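In case it helps, my numbering puts the sequence shown at residues 846 to 957.
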Amino acid sequence: MIFSHRIDKDTCIVAIEGNIALDGVNEAKAFLRPHLDNPEIHNVVINFEKVNFIDSSGIGLIVSIFKTMQQKEGKLALTNLSQKNLEIFTITRLNKILEIFPTEQDALAKVR
């Protein structure tokens, strides 16, 4: 997995490239932890535009981020999910609790 991020006011926008799977979850946690622990970050937007695949470990990672943001009274938003990845969130019914948007701009408008 390849990660990049930028900070926009109180929001961390993260772009992930590759597969969110068991072999990369620990790497993802290590990358995200400083941002999630930052008291100035209240929202996280994750851009899935270049994510090919997400497995159950990746789903667990997203749920963990969601819980962390809830504890901070912040928001998590997901954007640019492929049809295949959107189906995974629909099958697991996580689309009912997670905020999923077609574009990064839509997500940013909602979390602010």
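For every residue, glycine included, the Cβ atom is placed at its ideal position computed from N, Cα and C.
On a predicted model such as this, the values are computed, not experimentally measured, just so you know.
DSSP places LYS895 in the strand class (E or B) of the three-state scheme.
Taking each of ASP951, PHE898, ILE942 in turn and checking the Cα distance to MET914, the smallest one comes out for ILE942.
GLU862 and SER901 have their C-alpha atoms some 17 Å from each other. Between the C-alpha atoms of LEU926 and GLY903 there is a straight-line separation of about 14 Å.
Pairing MET846 with ALA873 gives a Cβ-Cβ distance under 8 Å.
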